[in-house]
Amino acid sequence: MVKRLIGSEKTGFVILINRNHGGEVRQVEWSKIQTPTDEVVVPDDSLESTPEYMEETKKLFNKLVVLNLDGGLALKFNLNKKYGCSVPLLLMNSFNTHDNTQKIIEKHSNSNTEIHTFNQLS
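Heads up: the sequence shown begins at 328 in the working numbering, then just goes up one per residue.
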């Protein structure tokens, strides 16, 4: 996956990974976490699809990746089908869920969605 990143994207990604593995501990201030408002989150099916921007939309979605914390709902987005793009799906597993996830992925092997899995760090 890192091979597909370019220049500054790769640099930023590597910095974040090094920060995560470097022992730097930061606590999330949960009191500051709030549910986004309806003005911020707009359901994609409420957006108008304009043919004059379809090619640019496809290019932007081709830069997107969906990370699903193995909840099973990521395929509902249908971005690849709707926009003719290639958005890979990343599934983060634990040691306990890995084997079951692999079995489910095999059932979707004929899908046009590129699916990758990785195990979370303990």
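Don't be surprised by glycine CBs; every beta carbon is placed ideally from N, CA and C.
Check	Outcome
Nearest candidate by alpha-carbon position, reference Thr440, set Met419, Ile431, Lys408	Lys408
Which of helix, strand or coil DSSP assigns to Ile442	strand
Alpha-carbon spacing of Asn427 relative to Asp371, whole angstroms	30 Å
For Asn345, the three-state DSSP class (helix, strand or coil)	helix
Local Cβ density within 10 Å of Tyr410, reported as buried at 16 or more and exposed below that	buried
Which of helix, strand or coil DSSP assigns to Gly416	In the sequence on display, residue 416 carries Leu and not Gly. DSSP places Leu416 in strand when its eight states are reduced to three.
Beta-carbon proximity check, Leu406 vs Leu391, cutoff 9 Å	yes
Close beta carbons around Glu382, own chain, < 7 Å, minus the five adjacent residues each side	none
Between the CA atoms of Ser438 and Val291 - distance to the nearest angstrom	What the structure shows of the chain is the stretch from 328 to 449, and residue 291 is not part of that stretch, so it cannot be assessed.
Through-space distance from Tyr380 to Phe388, alpha-carbon basis	12 Å
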